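Visitor: If you count the sequence shown from 1, you need to add 1301 to reach the working numbering.
From the three backbone atoms N, C-alpha and C, an ideal C-beta is built for every residue, glycine too.
This structure is a prediction, so every number in the text was calculated from the model and none was measured.
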Amino acid sequence: MNVPAGSTLVVTFDQTPKEITFIEQGNELDRWSRLDNSHHTVAAPDTPGIYTYLYSASWFEGSVSYVIKIKVQ
1302 MNVPAGSTLV
1312 VTFDQTPKEI
1322 TFIEQGNELD
1332 RWSRLDNSHH
1342 TVAAPDTPGI
1352 YTYLYSASWF
1362 EGSVSYVIKI
1372 KVQ
């Protein structure tokens, strides 16, 4: 997905998760960093490039992890 630099990505679900377990951001150089997981939003970087996000959430019924890839322009 193409996104403008510095934009906010909002992750939504049909049912709100009990907890966002973690959010990690990786770049083209395979450098990963853990992000603030207290919100359902992620700020896209200001530097153009391709970024990958690992997003893990849990509900009472179980957990799920997502991989989201963006291209910042």
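Can you tell me which of N1338, S1364 and F1314 puts its alpha carbon nearest to the alpha carbon of F1323?
Guide: Of N1338, S1364 and F1314, the residue nearest in Cα terms is N1338.
Visitor: According to DSSP, is S1334 part of a helix, a strand, or is it coil?
Guide: In the structure shown, S1334 sits in a strand (DSSP, three-state: E or B).
Visitor: Express the C-alpha separation of S1366 and V1304 in angstroms, rounding to a whole number.
Guide: When rounded, the distance between both Cα atoms is 22 Å.
Visitor: Please classify A1345: is it buried, with 16 or more other beta-carbons within 10 angstroms of its beta-carbon, or exposed?
Guide: Classification of A1345: buried, given that the 10 Å Cβ count is 16 or more.
Visitor: Starting from the Cα of K1319, find the closest Cα among D1347, W1333, E1325 and H1340 and give me that residue.
Guide: K1319 has its Cα closest to that of H1340, out of D1347, W1333, E1325 and H1340.
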